Amino acid sequence: MTDRIYAVGDIHGYASELDRALGLIEADGGPDARVIFLGDYTDRGPDSRGVLDRLIDGLAAGRNWVCLMGNHDRMFLRFLTEGAEHDGNIKSGLSWMNRRLGGPSTLASYGLPQGEGGAFLMAQNGGLETLSSYDLGGDELSLQELVMRARETVPEGHREFLATRPILHREGELVFVHAGIRPGVPLDAQEEDDLLWIRDGWLEDTRDHGVLVVHGHTALDTPTHYGNRVNLDGGAGYGRPLVPVCFEGRESAILTEAGRVRLVP
829 MTDRIYAVGD
839 IHGYASELDR
849 ALGLIEADGG
859 PDARVIFLGD
869 YTDRGPDSRG
879 VLDRLIDGLA
889 AGRNWVCLMG
899 NHDRMFLRFL
909 TEGAEHDGNI
919 KSGLSWMNRR
929 LGGPSTLASY
939 GLPQGEGGAF
949 LMAQNGGLET
959 LSSYDLGGDE
969 LSLQELVMRA
979 RETVPEGHRE
989 FLATRPILHR
999 EGELVFVHAG
1009 IRPGVPLDAQ
1019 EEDDLLWIRD
1029 GWLEDTRDHG
1039 VLVVHGHTAL
1049 DTPTHYGNRV
1059 NLDGGAGYGR
1069 PLVPVCFEGR
1079 ESAILTEAGR
1089 VRLVP
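Position in the sequence shown (first residue = 1) + 828 = my numbering.
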């Protein structure tokens, strides 16, 4: 019998959707099911802290899980460790503290809610949006003060979890990664920025990669099979359901409350 592997795409702070997806997986594969999470646990949704708590607790309990890193997870980590609000892969130059990227909702889940909003400056050096002040419960904090408050508030276990996530996982004919791979580059030579951010040169590529690549990062209306890859980001970060997928070899099926629905190219 082919081993089953379940995969879950971008969660983006929706702990209730994670709970629902895990319920579907357990109903289909039991409590010891092998689950690969594709990253982007944080930002945009209301409970990034709750998502990380569930994943950390599951791993500590010995659940058969692999939790990969996503680009939003790395941005959150770099904010905490380096005070960084930018990533060079964001072409718009937006700050992680812009609501569109989701930093404020992540900090709010740790008890640091945004009040009247953040004030931003647009610098001339590349047009980067830079946080100049942040209203936290009536206190106007600078970026540096906000970073220090976040460091005091976010549990060390959460920072350690974010810092130790793998960026690629292979099992048999399947490769799991957050964003995708650089076509034509061996798996062991892939660059981290590509694995976490790639779209150009990847999404339109139709060649056989030698493995079926399972990824997220680029939001769709529902998980979609493209023949050489499967995109599991069904847009949970924009309020759509989180849809787990079961893989048996290269065969795949969406899990729903009504049962499996085969996923085909």
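Just so it is clear, CB atoms sit at the ideal spot from N, CA and C, and this is done for glycine as well. Treat the numbers as computed from the prediction; the structure is a model and nothing was measured.
- Unbroken alpha helix (DSSP H) stretches of 4 residues or longer found wholly inside the segment 831-861: 843-857, given in chain order.
- Taking C-beta separations shorter than 7 Å and ignoring five residues to either side along the sequence, the partners of L940 in its chain run L964, R977, A978, T981, following chain order.
- For the pair of segments examined, the segment 1064-1082 was found not to touch the segment 1022-1036: the number of CB pairs separated by less than 8 Å stays below three.
- Here Y1054 is exposed: its Cβ has fewer than 16 other Cβ atoms, across all protein chains shown, within 10 Å.
- For a cut-off of 8 Å, the C-beta gap from V975 to F907 is around 7 Å, short enough to register as a contact.
- In this structure E957 is buried. Its beta-carbon is surrounded by 16 or more other beta-carbon atoms within 10 angstroms.
- Contact annotation: the segment 869-888 touches the segment 837-857, with at least three C-beta pairs closer than 8 Å.
- Beyond the five residues adjoining it in sequence on each side, T934 comes within less than 7 Å, by CB distance, of G841, T870, D871, S876, F904 in the same chain, given in chain order.
- For the segment 1010-1061, the continuous beta strand (DSSP E) assignments of 3+ residues that do not extend past its boundaries occur at 1040-1043, 1057-1059, in sequence order.
- Between I918 and F1075 the beta-carbon gap is near 31 Å, outside 8 Å, which marks them as no contact.
- R1088 is bridged by DSSP to L1083.
- With distances taken between CA atoms, L1015 lies nearest to L996 out of A991, A889, L996.
- Counting the other CB atoms within 10 Å of its CB gives R993 a total of 16 or more, which places it among the buried residues.
- For the pair N892 and D915, the CB atoms are not nearer than the 8 Å cut-off.
- Secondary-structure assignment with DSSP links V1071 through no beta bridge to anything.
- The DSSP-derived three-state label of A991 is helix.
- Here S923 is buried. Its C-beta has 16 or more other C-beta atoms within 10 Å.
- Runs of the beta strand (DSSP E) lying entirely within the segment 910-982, each at least 3 residues long, are 946-950, 957-964, 967-969 in chain order.
- Following the DSSP letters along the chain, one finds R998 in no alpha helix (DSSP H) but inside the beta strand (DSSP E) bounded by residues 996-999.
- Going by beta carbons, D831 and G867 fall outside the 8 Å limit.
- Looking at the DSSP output, V863 shares a beta bridge with Y834, W893.
- At least 8 Å separates the beta-carbon of N1056 from that of H1043.
- CA-CA distance, P1011 to W1025, rounds to 14 Å.
- Taking 8 Å as the cut-off, the Cβ atoms of L852 and V879 do not count as close.
- Rounded to whole angstroms, the Cβ separation of E913 and M925 is 6 Å, and the two are in contact under 8 Å.
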